[in-house]
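Numbering (our numbering), first residue to last: 194 to 347.
(1) Any idea what DSSP makes of residue 251, helix, strand or coil?
(2) Taking all protein chains shown into account, decide if residue 258 is buried (16 or more other Cβ within 10 angstroms of its Cβ) or exposed.
(3) Return the Cβ separation of residue 206 and residue 308 in integer angstroms, given the expectation that the two are a contact with Cβ distance under 8 Å.
(4) Excluding the 5 residues preceding and the 5 following residue 310 in the sequence, name in chain order all residues of the same chain whose CB lies nearer than 8 Å to its CB.
(5) Quick one, which of 229, 203, 194 has its alpha-carbon nearest residue 306's?
(6) Can you tell me the Cα-Cα spacing of residue 335 and residue 286, whole angstroms?
(7) Quick one: give me the first and last residue of the alpha helix (DSSP H) that residue 258 is part of.
(8) According to DSSP, is residue 198 part of a helix, a strand, or is it coil?
(9) Among the candidates 243, 323, 290, whose CA atom is the shortest distance from the CA of residue 214?
(10) In angstroms with no decimal places, state the Cα-to-Cα distance between residue 228 and residue 271.
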């Protein structure tokens, strides 16, 4: 059975969940914390960009997908703002960890909502052939953005 867009997205979702757990367990002021945060920041950036292009855009083209897509895009924006806050805050302070916890909670909420609700709505809109094609396009763009985001530094 060929890979669908949902298979590709779930793979990234698991990476995000794992990185969030590692980040919350990391020790203040360590290089490990900075590295985990960078990995999470890059993963979120690559995933969001490719997902928005290859899942949300097709969904926005159908009336049935408008509300769910808008909501998901809004949540991506909230995640981006938290990541931005974490980039400028001292990574060893308690305020940083409070924001990191908020980011982790929002990531987990967003992924659950996507997998339980959004995938079902989009599954009614996107054809089986499209789901396979979108997976290939998503993977290509995800890898491209992953490399770009990784080069841009922490």
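We treat Cβ as the ideally placed atom computed from N, Cα and C, and that holds for glycine.
On the basis of the supplied data:
(1) helix
(2) buried
(3) 7 Å
(4) 261
(5) 203
(6) 32 Å
(7) 256–281
(8) helix
(9) 290
(10) 22 Å
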